[in-house]
Amino acid sequence: MTNSWVRINGRVVKGHQVASRPSKDYPYSSLEKQKPYFRSLGLDLDPYFNGTLNISIAPHEFKIINPEFTFPLVEWTDLHPPETFSFAKCRVTFKGQTCDGWVYYPHPETKKTHFQNSSLIEVITYKIEFINYGDDLKLEVDPQQIKILT
Numbered sequence: 294m295t296n297s298w299v300r301i302n303g304r305v306v307k308g309h310q311v312a313s314r315p316s317k318d319y320p321y322s323s324l325e326k327q328k329p330y331f332r333s334l335g336l337d338l339d340p341y342f343n344g345t346l347n348i349s350i351a352p353h354e355f356k357i358i359n360p361e362f363t364f365p366l367v368e369w370t371d372l373h374p375p376e377t378f379s380f381a382k383c384r385v386t387f388k389g390q391t392c393d394g395w396v397y398y399p400h401p402e403t404k405k406t407h408f409q410n411s412s413l414i415e416v417i418t419y420k421i422e423f424i425n426y427g428d429d430l431k432l433e434v435d436p437q438q439i440k441i442l443t
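For the sequence shown, my numbering gives the first residue as 294, with consecutive numbering after it.
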């Protein structure tokens, strides 16, 4: 990974809850369905928790600048048009436990159904015991891959 992380305070917030479980719009967890596509393109997310951790970094915002992976127009479902996804390395620290992970970035120009504000970072990482909505944590990102805007 990187030798020079940028560390920022974050708070766990509730997301759309389609990455981790079925919903009225998705009869399956979207991440569960996407993982085989990402694996075939070179990114194996199988070891990680089958959902995203939604982290608010408000009042800061972020911009993906040079992600480790970008997968254009992935046709992972017939429920909507293909989407472009980018992934950037990150680390999450909660109650002294640090986990490696990936910033999961569905490009908004191809993801019409769910708008995310630019202060919300979705992270795929290992299962973190006892983490809840409203909990504070530290998020570290590689400044070569993600720019934090103040």
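A virtual CB, placed ideally from N, CA and C, is assigned to each residue, including glycine. In this text, all values refer to a predicted model and were calculated from it rather than measured experimentally.
Of the choices P365, S322, D393, Y426, whose alpha-carbon is the least far from that of P399?
Ranked by Cα distance from P399, the first of P365, S322, D393, Y426 is P365.
Check whether the region 369-377 and the region 343-354 touch, using three or more Cβ-Cβ pairs below 8 Å as the test.
Between the region 369-377 and the region 343-354, the count of Cβ pairs shorter than 8 Å is below three; the stretches do not touch.
Label Q390 either buried or exposed according to how many other C-beta atoms from any shown protein chain fall within 10 Å of its C-beta, with 16 as the threshold for buried.
The residue in question, Q390, is exposed, as its Cβ has fewer than 16 Cβ neighbours within 10 Å.
Count the other CB atoms, across all protein chains shown, that sit within 10 Å of the CB of I414; report buried if there are 16 or more and exposed otherwise.
I414 is buried by the Cβ-count criterion.
For my contact list, N302 and K431 are in at a C-beta cut-off of 8 Å; report their separation, rounded to the angstrom.
Contact flag correct, Cβ pair sits at about 7 Å.
Please return the same chain residues whose Cβ sits closer than 6 Å to the Cβ of R300, not counting the five positions on each side in sequence.
Same-chain partners within the cutoff: K431, E433.
Identify whether F331 lies in helix, strand or coil by the three-state DSSP scheme.
The answer is helix: DSSP assigns F331 an H, G or I state.
According to the neighbour-count rule (16 or more other Cβ atoms, all chains shown, within 10 Å of its Cβ), is A351 buried or exposed?
Exposed is the call here.
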